[in-house]
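Per the working numbering, the very first residue in the sequence shown carries number 1455; after that it's consecutive.
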Amino acid sequence: MKNISRLRYFIYLSFIIIAGCTTGKKALQKGDYDASVAKAVSRLQNSPKNSEAMEVLPTAYNLALQDHLRKIEEAKASNDLFRWEAIMYEYQKINQLADDINSCPACLILVPTPPKFVKELSDSKYNAAVARYNSGLEYLNDNNKLSAKKAYYEFEKAQNLQPNYKDVKAKMDDAYWAAVTRVVVQPIMVNSNLYKLSGDYFQQQIDQFIASYSRNKFVIFYSEEQATNQKIIPDQVLSLNFDDFVVGQTYVKERVEKIKRDSVVIGETREKKPVYGTVRATLSIFDKNVSSSGLLDMTISDWHDQKIIRQQKIPGTYIWRDSWANYKGDDRALTKQQMAMTRRRESLPPPPTALFLEFTKPIYNQLVNDISGFYNNY
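If you want it as structure tokens, here you go:
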């Protein structure tokens, strides 16, 4: 049995090896010449005498080379502004084919001198960078933020293609700052000295959010103090104000339940036998809710014409709850949970400043989600 298991294992392993080491013949038949070359090279690296791979490689390579050269000529003849990138990619593929064959001694016998187009690749990269740079200049000359953003990405592509081309780094920087939307966030106004500390804490949370915001690099938030110190002229102003808030509205509700329990031992006979009966009690349960809520107005305005770009009313509510109970009658009628409630006493709610802070928490979550959603793809 062990020998049969081993045989099955080796047969299974052989199928895996065969499947993973194709000669590239099927890829050649499908017209995928690059893949055919890659598979034939891989097979010949592992099995230099494989006849099928030896037959496939020269044919696949010649077809691949001619296909890339044809595409290069077609691209050169086109009017596409960015045709040099297509040409560059074709030269890269040709050179990769040559590198693959040069890494395989058995392959070099079949394809002795695969050409590499090093200078042509370098020239095409240069020309591609020039095209992107010139495109960036045209966008930048449009003098609007959307075009400046496009210019930034064009200069970035030029930078990646040709890092030291002209003043591409400086142009990239110019385009970035021309594309940036500067948003000044005004401090939140809380018209009550009682809640000033809580309002300050809410403001600190907002300040931390805008300071760490990084989803869209073309949006920068400033506090009013930062804008003043850095002499920033904003594009937009984000103002936050509590339209209305109520702290500590108290509601107490009493529920009365008549309770009875049967088959309770209420005494015993002279013979010391238990006497069963019904016990009753009246349970009064008190539920106290202390509600605090507010409505935050978020307005985003254009600094230059004072037009409102976006306005949202964001509500928040926090309810502090307490409950206790008392009873009259026989306590044996009560459950353990009911007895526990009767031992509780009415609790004092948190101070108003804490209640104010609690109802601003859901407002904060909605606020940052709204700001992020608006500016992430701005």
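Quick reminder that beta carbons are idealized off the backbone N, C-alpha and C, glycines included. Small disclaimer: the values here were computed from a predicted structure and weren't measured.
My understanding is that residue i touches residue j, with C-beta atoms under 8 Å, so please give their C-beta distance in whole angstroms.
i            : j            : result
residue 1513 : residue 1482 : 7 Å
residue 1747 : residue 1700 : 6 Å
residue 1771 : residue 1689 : Not a contact, Cβ separation roughly 34 Å.
residue 1518 : residue 1553 : That belief does not hold up - the Cβ atoms of residue 1518 and residue 1553 are roughly 13 Å apart, past 8 Å.
residue 1796 : residue 1780 : 6 Å
For the alpha helix (DSSP H) containing residue i, name the first residue and the last one.
i            : result
residue 1757 : No alpha helix (DSSP H) contains residue 1757, which DSSP labels as neither H nor E.
residue 1678 : 1678-1683
residue 1594 : 1572-1594
residue 1637 : Premise fails: residue 1637 lies in the beta strand (DSSP E), 1635-1639, not in any alpha helix (DSSP H).
residue 1543 : 1537-1556
residue 1493 : 1487-1500
residue 1507 : 1505-1531
residue 1806 : 1806-1829
residue 1796 : 1790-1797
residue 1607 : 1599-1615
residue 1482 : 1479-1483
residue 1396 : There is simply no residue 1396 to check, as the chain begins at 1455 and stops at 1832 in what is shown.
Which residues in the same chain have their Cβ closer than 6 Å to the Cβ of residue i, if we skip the five residues on either side of it in sequence?
i            : result
residue 1586 : 1608, 1611 and 1612
residue 1853 : Outside the displayed span of the chain (1455 to 1832) sits residue 1853, for which this structure offers no information.
residue 1601 : 1593
residue 1537 : 1529
Please say whether residue j and residue i have beta carbons closer to each other than 7 Å?
i            : j            : result
residue 1541 : residue 1578 : yes
residue 1606 : residue 1630 : yes
residue 1810 : residue 1652 : yes
residue 1642 : residue 1657 : yes
residue 1696 : residue 1822 : no
residue 1510 : residue 1478 : yes
residue 1599 : residue 1560 : no
residue 1817 : residue 1768 : yes
residue 1834 : residue 1800 : Summary: the structure shown does not reach residue 1834, with the chain confined to residues 1455 through 1832, and so no result is reported for it.
residue 1575 : residue 1543 : no
residue 1733 : residue 1654 : no
residue 1830 : residue 1709 : no
residue 1555 : residue 1566 : no
residue 1603 : residue 1672 : yes
residue 1749 : residue 1698 : yes
residue 1439 : residue 1782 : Summary: the structure shown does not reach residue 1439, with the chain confined to residues 1455 through 1832, and so no result is reported for it.
residue 1752 : residue 1694 : yes
residue 1702 : residue 1720 : no
Can you list, in chain order, the residues of its chain whose CB lies under 8 Å from that of residue i, leaving out five sequence neighbours each side?
i            : result
residue 1475 : The predicted model places residue 1475 with a pLDDT of 48, which falls under 50 and marks its position as unreliable; any figure quoted below should be read in that light. Excluding sequence neighbours, residue 1475 sits near 1496, 1497, 1500 and 1501.
residue 1793 : 1785
residue 1807 : 1648, 1649, 1651 and 1652
residue 1535 : 1585 and 1589
residue 1677 : 1638, 1639, 1641, 1661 and 1664
residue 1765 : 1751, 1752, 1753 and 1754
Residues in its own chain within less than 7 Å of residue i by CB, not counting five upstream and five downstream?
i            : result
residue 1650 : 1644
residue 1681 : 1638 and 1688
residue 1494 : 1477, 1478, 1507, 1510, 1511 and 1514
residue 1667 : 1675
residue 1756 : 1690 and 1763
residue 1590 : 1605, 1608, 1609, 1612, 1625 and 1629
residue 1615 : 1579, 1582, 1583 and 1586
Beta strand (DSSP E) containing residue i: first to last residue?
i            : result
residue 1720 : 1690-1722
Say the cut is 6 Å; is the CB of residue i nearer than that to a heavy atom of the ligand ZN?
i            : result
residue 1794 : Because no ligand of any kind appears in the structure shown, any question about the ligand ZN cannot be addressed here.
### Task
Tell me, please, whether the region 1784-1796 touches the region 1704-1715 by the rule of three or more beta-carbon pairs shorter than 8 Å.
Yes: the two stretches touch, three or more of their Cβ pairs being nearer than 8 Å.
### Cβ pair count under 8 Å reaching 3, the region 1718-1726 against the region 1735-1744
Taking 8 Å as the limit for Cβ pairs, the verdict is that the region 1735-1744 does not touch the region 1718-1726.
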